[in-house]
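In what follows, a structure is listed as structure tokens, so that the remarks can point back to it.
Protein chains: 2
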Amino acid sequence: MNYIVMKFGGSSIQTILHMQRVAERVIQKQKEGYGVVVVLSAMGSTTNQLLDLAKQVTKYPSKRETDMLISTGEQVSISLFTMILKARDIEAVSLTGSQAGIKTFGSHLNNKINDIDTSNITKHLNDHQIVVVAGFQGMNEQGDITTLGRGGSDTSAVAIAAKLQCDCEIYTDVDGIYAADPRIFKTAKKLSYISYEEMKEMAFLGAKVMEPRSIEIAHQHQIRIYVASSMTMEKGTYITEGKEMIEKQTITGLSVSDKVVMVTLKHVANQLNIVADLFMNLAENEVNVDMISQSPSSKDFVNVSFTAGANDLTQINEVLEKLLQNNPDIEIIMDNQVVKVSVVGQAMRHQSGVAAKLFKVLSENQIEFKLVTTSEISISYTISKKLKEQAIQAIANAFDLGETNV
Amino acid sequence: MNYIVMKFGGSSIQTILHMQRVAERVIQKQKEGYGVVVVLSAMGSTTNQLLDLAKQVTKYPSKRETDMLISTGEQVSISLFTMILKARDIEAVSLTGSQAGIKTFGSHLNNKINDIDTSNITKHLNDHQIVVVAGFQGMNEQGDITTLGRGGSDTSAVAIAAKLQCDCEIYTDVDGIYAADPRIFKTAKKLSYISYEEMKEMAFLGAKVMEPRSIEIAHQHQIRIYVASSMTMEKGTYITEGKEMIEKQTITGLSVSDKVVMVTLKHVANQLNIVADLFMNLAENEVNVDMISQSPSSKDFVNVSFTAGANDLTQINEVLEKLLQNNPDIEIIMDNQVVKVSVVGQAMRHQSGVAAKLFKVLSENQIEFKLVTTSEISISYTISKKLKEQAIQAIANAFDLGETNV
Numbered sequence: 135m136n137y138i139v140m141k142f143g144g145s146s147i148q149t150i151l152h153m154q155r156v157a158e159r160v161i162q163k164q165k166e167g168y169g170v171v172v173v174l175s176a177m178g179s180t181t182n183q184l185l186d187l188a189k190q191v192t193k194y195p196s197k198r199e200t201d202m203l204i205s206t207g208e209q210v211s212i213s214l215f216t217m218i219l220k221a222r223d224i225e226a227v228s229l230t231g232s233q234a235g236i237k238t239f240g241s242h243l244n245n246k247i248n249d250i251d252t253s254n255i256t257k258h259l260n261d262h263q264i265v266v267v268a269g270f271q272g273m274n275e276q277g278d279i280t281t282l283g284r285g286g287s288d289t290s291a292v293a294i295a296a297k298l299q300c301d302c303e304i305y306t307d308v309d310g311i312y313a314a315d316p317r318i319f320k321t322a323k324k325l326s327y328i329s330y331e332e333m334k335e336m337a338f339l340g341a342k343v344m345e346p347r348s349i350e351i352a353h354q355h356q357i358r359i360y361v362a363s364s365m366t367m368e369k370g371t372y373i374t375e376g377k378e379m380i381e382k383q384t385i386t387g388l389s390v391s392d393k394v395v396m397v398t399l400k401h402v403a404n405q406l407n408i409v410a411d412l413f414m415n416l417a418e419n420e421v422n423v424d425m426i427s428q429s430p431s432s433k434d435f436v437n438v439s440f441t442a443g444a445n446d447l448t449q450i451n452e453v454l455e456k457l458l459q460n461n462p463d464i465e466i467i468m469d470n471q472v473v474k475v476s477v478v479g480q481a482m483r484h485q486s487g488v489a490a491k492l493f494k495v496l497s498e499n500q501i502e503f504k505l506v507t508t509s510e511i512s513i514s515y516t517i518s519k520k521l522k523e524q525a526i527q528a529i530a531n532a533f534d535l536g537e538t539n540v
Numbered sequence: 135m136n137y138i139v140m141k142f143g144g145s146s147i148q149t150i151l152h153m154q155r156v157a158e159r160v161i162q163k164q165k166e167g168y169g170v171v172v173v174l175s176a177m178g179s180t181t182n183q184l185l186d187l188a189k190q191v192t193k194y195p196s197k198r199e200t201d202m203l204i205s206t207g208e209q210v211s212i213s214l215f216t217m218i219l220k221a222r223d224i225e226a227v228s229l230t231g232s233q234a235g236i237k238t239f240g241s242h243l244n245n246k247i248n249d250i251d252t253s254n255i256t257k258h259l260n261d262h263q264i265v266v267v268a269g270f271q272g273m274n275e276q277g278d279i280t281t282l283g284r285g286g287s288d289t290s291a292v293a294i295a296a297k298l299q300c301d302c303e304i305y306t307d308v309d310g311i312y313a314a315d316p317r318i319f320k321t322a323k324k325l326s327y328i329s330y331e332e333m334k335e336m337a338f339l340g341a342k343v344m345e346p347r348s349i350e351i352a353h354q355h356q357i358r359i360y361v362a363s364s365m366t367m368e369k370g371t372y373i374t375e376g377k378e379m380i381e382k383q384t385i386t387g388l389s390v391s392d393k394v395v396m397v398t399l400k401h402v403a404n405q406l407n408i409v410a411d412l413f414m415n416l417a418e419n420e421v422n423v424d425m426i427s428q429s430p431s432s433k434d435f436v437n438v439s440f441t442a443g444a445n446d447l448t449q450i451n452e453v454l455e456k457l458l459q460n461n462p463d464i465e466i467i468m469d470n471q472v473v474k475v476s477v478v479g480q481a482m483r484h485q486s487g488v489a490a491k492l493f494k495v496l497s498e499n500q501i502e503f504k505l506v507t508t509s510e511i512s513i514s515y516t517i518s519k520k521l522k523e524q525a526i527q528a529i530a531n532a533f534d535l536g537e538t539n540v
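Quick mapping for you: the protein sequence lines, in order, are chains F and Y.
Take the first sequence: its letters are residues 135 to 540, numbered as in my numbering.
Take the second sequence: its letters are residues 135 to 540, numbered as in my numbering.
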């Protein structure tokens, strides 16, 4: 039997009515001959409601007990969804993360999947049952219920698909992966295919469709992911190996990070340990430094700039205060009126001139950029917030990221 | 270490605030030197809310999936309650029924406890943790989540106490066992002790404090149960072995069943098989027949009366219709304007004249009774609904069931 994993997020199953619609799609897939595993999140905003309850108890609730609490959200989803299937005379069974054999490790609220013993899942699949698994959760070696943190249900789905060696379909409230955010660039092109590497890069760079960790698992195990809307039957996007892709273009996509702060340090004494200590301290305070640039300002001094998430501002300030205590001459400029625009494309590996073309586009449109960093398949620019839309339009047009028939 | 099991029902933990109050009581018990196991129901009306969700899906939801659904109610309780304890720096851990080792068998929604592997509970107790167990639930041999039906959380608590060989305290919204229902007989006496057998009889006869099944387990394993209010510190009632009881009186308690229907069949041919078939058919239709009385009306005919729960009316009617088809001469009288008043007392075994005294009390108060049945330690009367309060007052006064100092 060909297996398939279909994952539906909280907004796709927020009411019984939504679930009824999703059930039809799942039954259709079974009729096509697949052994279907359904992975569900908690309904709508259930998880947040449960977290609010915990916050009524105490500001910092026990993490183990929070896992015990919020894991009930998916358990409610899977039982109701399985009732719907059985009320339509479809053989089906619900399994909690633990019953589905999802073994995890790590710290509560943020566990990682260690392994999946799929014997219970495959037993039910071979009995021609639709298997409805609670996403986002598992059980650790001590037998405690655990949850998988952000994007956890996607991770559950892709990991099950990896063990079953089958495709994984992620149904969500967007209908695929776009070359650029359609809310900003209206005519943005929906991609039929995107490579694992491009998708990971896009995800790291701020695209919100999927967390990088699920794509990483899919990549490692060579599992194809299909991202599509749970509400329409429109074709979605395959995330797959680059060589499978038919469309080869310079740039596959463009992503934008809004919540960025750029820090510039001037008049830093040109001693290796000062800059090294700075980034060590930032790392120890769990500040995720993104772009870094350093340039000499004179023989004995350098200027250092870096960007980080705006959420880390408190920790950044703590680290910088210590730096100032030891080096009172350093001048610090914080700029939170910046965004990071990144362009991603696997073809950059083999095609030269992408960076050059981008510089030209930006200069022709008088878009000044502050920092630039590059990876093997991406280039990121920090630009002023007010130039964001203009930059996106210019880049998207130059690299044909829009629909040709619009 | 001396262990103790403390069980709190849904109304005792209906809000976080209620839970906070319960937590204080639990912590106090630990300070007294006990290893404390707390067994919790679902908060307030959670279980009914979850069942309503299932009814939105279908009139007859899958029972396995209903167990999966409603078991989340206790899981929410135990996690929040454990958070409260830990926020007060008390070592504590929550365990689902399955994690607590509660192994069950039978049909979903109505499982029975097969055994409890208490090794996980005792491990945590010996680590000086308060162990907070989800009542009402367990896991069957197939690894499915199950629930224990009516009174299930009491059953969980008593069964754990039985395995740990310790006392079991049941905290509820009444503050003990009364000799008669205080809502009807205002000055009813609260009992300090009641025997297992009396309590079982009272429960079977309609007293709503505890289900007979938990008392049966406590009796078998010689575990003392203490029933008290979760809201006050007033002394409650011990359910224990008869010989431990200090108060020996003729009648310990009086209980009333309201939802009774009395059926009288007149002109039944005096053939053994007709009556036998009737009760066989009632049993096959899961009608729980309670009192039965038969008397000859002439040489060839008898009158038969019986009572059953008013909930079973539909099934009773079906059975009687079949009876009429084969025996068209039988006259059927249904009376749902009756109640059953039962008096219970272990001392009846050894003291004669209780029945006689009761007959006298009823006749002096002109209370006509319709059916009478007796067990070793109880006597039950069916009387007209409108005589209910009068009968209770008369019996309670005659047998000193009221507080002497009122």
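Each residue gets a CB set at the ideal place from its N, CA and C atoms; glycine is no exception.
Owing to the predicted nature of the structure, the values given are computational and were not obtained by experimental measurement.
Ignore the nearest five residues each way along the sequence and tell me which others in residue i's own chain have a CB closer than 8 angstroms to its CB.
i	result
residue 513 (chain F)	476, 477, 482, 488, 489, 492, 506, 507
residue 356 (chain F)	375
residue 579 (chain F)	Because chain F in this structure spans residues 135 to 540, residue 579 (chain F) falls outside the shown range and cannot be described.
Report yes if the CB atom of residue i is closer than 8 angstroms to the CB atom of residue j, and no otherwise.
i	j	result
residue 542 (chain Y)	residue 214 (chain F)	Because chain Y in this structure spans residues 135 to 540, residue 542 (chain Y) falls outside the shown range and cannot be described.
residue 96 (chain F)	residue 480 (chain F)	It is not possible to answer for residue 96 (chain F), since the shown part of chain F is limited to 135 through 540.
residue 269 (chain Y)	residue 141 (chain Y)	yes
residue 474 (chain Y)	residue 390 (chain Y)	yes
residue 285 (chain F)	residue 370 (chain F)	no
residue 231 (chain F)	residue 271 (chain F)	yes
residue 621 (chain Y)	residue 503 (chain Y)	No statement about residue 621 (chain Y) is possible, as the shown extent of chain Y runs from 135 to 540 and does not include it.
residue 264 (chain F)	residue 234 (chain F)	no
residue 372 (chain F)	residue 312 (chain F)	no
residue 139 (chain Y)	residue 295 (chain Y)	yes
residue 243 (chain Y)	residue 200 (chain Y)	yes
residue 439 (chain F)	residue 397 (chain F)	yes
residue 496 (chain F)	residue 322 (chain F)	no
residue 408 (chain F)	residue 461 (chain F)	yes
residue 302 (chain F)	residue 137 (chain F)	no
Would you tell me roughly how many angstroms separate the C-alpha atoms of residue i and residue j, rounded to the nearest one?
i	j	result
residue 437 (chain F)	residue 399 (chain F)	6 angstroms
residue 319 (chain F)	residue 297 (chain F)	38 angstroms
residue 250 (chain F)	residue 195 (chain F)	29 angstroms
residue 452 (chain Y)	residue 422 (chain Y)	14 angstroms
residue 539 (chain Y)	residue 531 (chain Y)	Note that residue 539 (chain Y) has pLDDT 46, beneath the 50 cutoff, so the model's placement of it is unreliable and no number is given.
residue 156 (chain Y)	residue 173 (chain Y)	12 angstroms
residue 283 (chain Y)	residue 185 (chain Y)	13 angstroms
residue 450 (chain F)	residue 187 (chain F)	31 angstroms
Taking all protein chains shown into account, decide if residue i is buried (16 or more other Cβ within 10 angstroms of its Cβ) or exposed.
i	result
residue 253 (chain F)	exposed
residue 525 (chain F)	buried
residue 441 (chain Y)	buried
residue 149 (chain F)	exposed
residue 183 (chain Y)	exposed
Below 8 angstroms on the Cβ atoms is my guess for residue i versus residue j; work out the distance and round it to an integer in Å.
i	j	result
residue 288 (chain Y)	residue 225 (chain Y)	Wrong, their Cβ atoms sit about 26 angstroms apart, outside the cutoff.
residue 362 (chain Y)	residue 305 (chain Y)	6 angstroms
residue 464 (chain F)	residue 401 (chain F)	6 angstroms
residue 434 (chain F)	residue 415 (chain F)	Between residue 415 (chain F) and residue 434 (chain F) the Cβ distance is about 23 angstroms, and since that is not below 8 angstroms, they are no contact.
residue 198 (chain Y)	residue 161 (chain Y)	In fact, because the Cβ distance is near 38 angstroms, the residues do not count as touching under 8 angstroms.
residue 267 (chain Y)	residue 171 (chain Y)	6 angstroms
residue 236 (chain F)	residue 273 (chain F)	7 angstroms
residue 332 (chain Y)	residue 386 (chain Y)	5 angstroms
Whose C-beta lies closer than 6 angstroms to the C-beta of residue i among residues of the same chain, with five residues either side of it excluded?
i	result
residue 425 (chain Y)	441, 505, 507
residue 527 (chain F)	none
residue 153 (chain F)	147, 215, 218
residue 143 (chain F)	175, 306
Does at least one heavy atom of the ligand PLP sit under 7 angstroms from the Cβ of residue i?
i	result
residue 243 (chain Y)	Looking for the ligand PLP in the displayed structure turns up nothing, as the structure carries no ligands at all.
Using a Cβ-Cβ cutoff of less than 7 angstroms, which residues in the same chain neighbour residue i once the five nearest sequence positions on both sides are dropped?
i	result
residue 202 (chain F)	279
residue 208 (chain Y)	174, 175, 176, 268, 269, 270, 271
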